[in-house]
Structures are given as C-alpha cells and as structure tokens.
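Each step along the sequence shown adds one to the number in my numbering, with nothing skipped, and position 87 is 87.
For every residue, glycine included, the Cβ atom is placed at its ideal position computed from N, Cα and C.
From a predicted model like this one, the values you see are computed outputs, not experimental measurements.
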Amino acid sequence: MIEAELKARVYAPEETLRRLDERARGRAEVYRDTYYDTPRGDLDTRGEELRVRTVHGADSTRTVLTYKGATVDEESGSKPEHETRVEDAEAVHAMLRGLGYVPIIAFEKRCRNYDFEARGRQMLATLVRVPELDGTFLELETLTEEKELMEALADVRAMLTDLGISEGDVTRELYTDAVRARRG
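Below, the structure is given as structure tokens:
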C-alpha cells in the first residue's frame, strides 16, 4: 500500500481544530519516534525510512515498527509503507541494533488524531506539534494502491481545502531534517 499523504503548516490551529472536531472525535497521543539507518546512511541515500514509534495515548501504549520505501511521487513525497505492531519495544530496538542499524535521530511529536471518511476514503488527520520546532502542522493521509495514487492525493488536497489549508501551506519538509537542523 502507498501512504498518500500531504503535510501542511497550520497558521490558524484553533480553526483547524474546530473543523476537525466537526468531523470526528480526536484523540491526544504522544509519539516517541526513533529512526534507524546503517552507519553509512544507506537508507537515507535511497530515500527509505526505518522507524520505531511508541504511541502513548490516554488509555494505552503501543509500539509499531515502520519501513517506508523510496518516494513514488516527488510532488507529495508519498511512499510505500509497511507497518506492524510490536509487543516489546526494547526487544525491537535491540534487534535493529543487533542487525547493524544505528539510531540516527529520536524526537517527540504531540498529536491529535482524527479518523474519518471523506470522498469515499478512510482518512487520518493528525494535528502535530514537535516541541523542538516552531509552529503546528497537519498531516492528512489515506492508504491506496499505487495505481490510484493521483486520485487519492487529489482527494487529500480537496480535504485540506475543506479544513481551511491552502495549497501554499503544503510542505515537503521532514520532521527529521527540521529537528536535525534545530539541534545543529
């Protein structure tokens, strides 16, 4: 599956939050992300990502291991994504290190997630604050087959417009790059 996703800077977070609350019930979660690569940076060179994410919610904590392949659409940055829930976060970290991967960056995202249907698709909207970065972001995604990627991205763009986000607010900036730059 391809994660058809767009990310945008949000300049009126209260208004965006209101519009999201009209669509679905939000859930507050804190993500603790650790990204891995080979010591030579092979994954980064190929545009791939390997991440362990531990999600702390109001009622539970879960960990997922995610691999994202290289970008299949340059304009949006959409990538194939493979993700699975893991039982023991520390064991997964140990396995990745044992296989020769090294943690390259770790940071926290404070999120409010909304699952809803729009334009015949299941969508996930995530309002994001990264404590180390200025501003608020909105990630909007839907999973699709590669052959339907352009249609899915058109639906995501239309939904962003419905949420008051303009095309000029869409960004390809990666949190990993922005956090690295902030840390110097």
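With a beta-carbon spacing of about 24 Å, LEU20 and LEU149 fall beyond the 8 Å limit used to define contacts.
The beta-carbon separation of VAL170 and ALA8, rounded to 5 Å, stays under the 8 Å limit for a contact. Between the alpha carbons of THR144 and ALA4 lies a distance of about 7 Å. Around the beta-carbon of TYR11, fewer than 16 other beta-carbon atoms lie within 10 Å, marking it exposed. Beta-bridge annotation (DSSP): SER76 is not paired with any residue. With fewer than 16 other beta carbons inside 10 angstroms of its own, VAL30 counts as exposed. Boundaries of the alpha helix (DSSP H) around ALA154: 149-162. The beta strand (DSSP E) runs lying completely inside the segment 64-150 and spanning 3 residues or more are 79-86, 102-118, 121-129, 136-144, given in chain order.
A residue is called buried when at least 16 other Cβ atoms come within 10 angstroms of its Cβ; LYS68 meets this threshold and is buried.
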